[in-house]
Structures are given as structure tokens and as C-alpha cells.
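Structure first, commentary second.
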Amino acid sequence: MDVVEYQAKVEALAEDILTDKQLAIDYDRKRQENREALRILREQSQKAKPNSTQSTTAVNMGDFFIQLPLPKALKMMEDAQSELDKAIDDVRQRLKAKVKLLGELEGDERLASVAKAMDLKSVSGQELYGISRK
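In the numbering used here, the protein residues as written are 901 to 1034.
Here you go:
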């Protein structure tokens, strides 16, 4: 591989990394807005009387608003929240792999050690409970 091909490959990978970082930021903003909306809907559902007009809410669906029952709106928002969580996790996993590959391509030991540290997995609640029980 000549220098020009190598440099082009490194630049393309770096561009992909920056694009994925921005995508993760955008997804996180949406997740935060969604979380705020969920909190407001939950407050409304606690205050609303069953089978009344207060038990509906207007939900923005693109260019228009739709009147939906609170439980259905809550379910839709919770589903959207879980989809955003999965999308963010997918982007982060892709970022880890790309950063590791970039470190290998560049031969940068510091970047390679950062990528190796990014491979660490957090302990789940069940695992933590199992550790504390022993």
C-alpha cells in the first residue's frame, strides 16, 4: 500500500469517526428531549381522570399533531426511547471498533491503549448483586 492510499484510508476512517460522534450527539439530544416529554406525560397521566377529555394529549407526528389517549402516547414514547437507546449503543460500538482500527493503522500506542480501555464492559445490576451476595 503506497502512502497516498494509506493516507486516504486513514482520512476516510477519521471522517467516519467524526460522523459517528456527531450522530451519537444527535441521538443523545433526541433521547433527552424524549425523556423530558415522558416525564411530562407521566405527570399528566397521574393528574388526569380516567375516561375524561383530560386523558388525551396532543402528540407531534412530523408536520401535524394527533390527539391520542395518554396510555397510548406513553407507550409510543417509551418505545421510541428504547429505540434511541439501542441506536446510541450501536453507534458507540461502531465508534469503539473504528477508533481501535485507526489506532492500529496509525501505529499510535496512546490511541491503541484508549481503544483497548473502551472495550471494557460495565457491570450489570444482576452481576453486581451476585458479587455482593458472595
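Note that beta-carbon positions come from the ideal geometry of N, C-alpha and C, so glycine has one too.
My output table needs one value for residue i: the three-state DSSP class, helix, strand or coil.
i           : result
residue 958 : strand
Find out if the Cβ-Cβ distance for the pair residue i, residue j is shorter than 8 Å.
i            : j           : result
residue 967  : residue 938 : no
residue 916  : residue 996 : no
residue 1005 : residue 941 : no
Here's the rule I'm using: 16 or more other beta-carbon atoms within 10 Å means buried, otherwise exposed. How should residue i be labelled?
i            : result
residue 1029 : exposed
residue 927  : buried
residue 991  : buried
residue 961  : exposed
residue 920  : buried
residue 918  : exposed
Nearest CA to the CA of residue i: which residue from the options?
i           : options                 : result
residue 936 : 974, 1031 and 1014      : 974
residue 893 : 1007, 984, 958 and 963  : With the chain covering 901 to 1034 only, the question about residue 893 has no answer from this structure.
residue 931 : 912, 1001, 989 and 1010 : 989
residue 911 : 977, 948 and 1003       : 1003
residue 946 : 1013, 963, 970 and 1010 : 970
residue 979 : 934, 923 and 924        : 934
### Complete alpha helix (DSSP H) runs within the region 901–953 (minimum length 4 residues, chain order)
903–947
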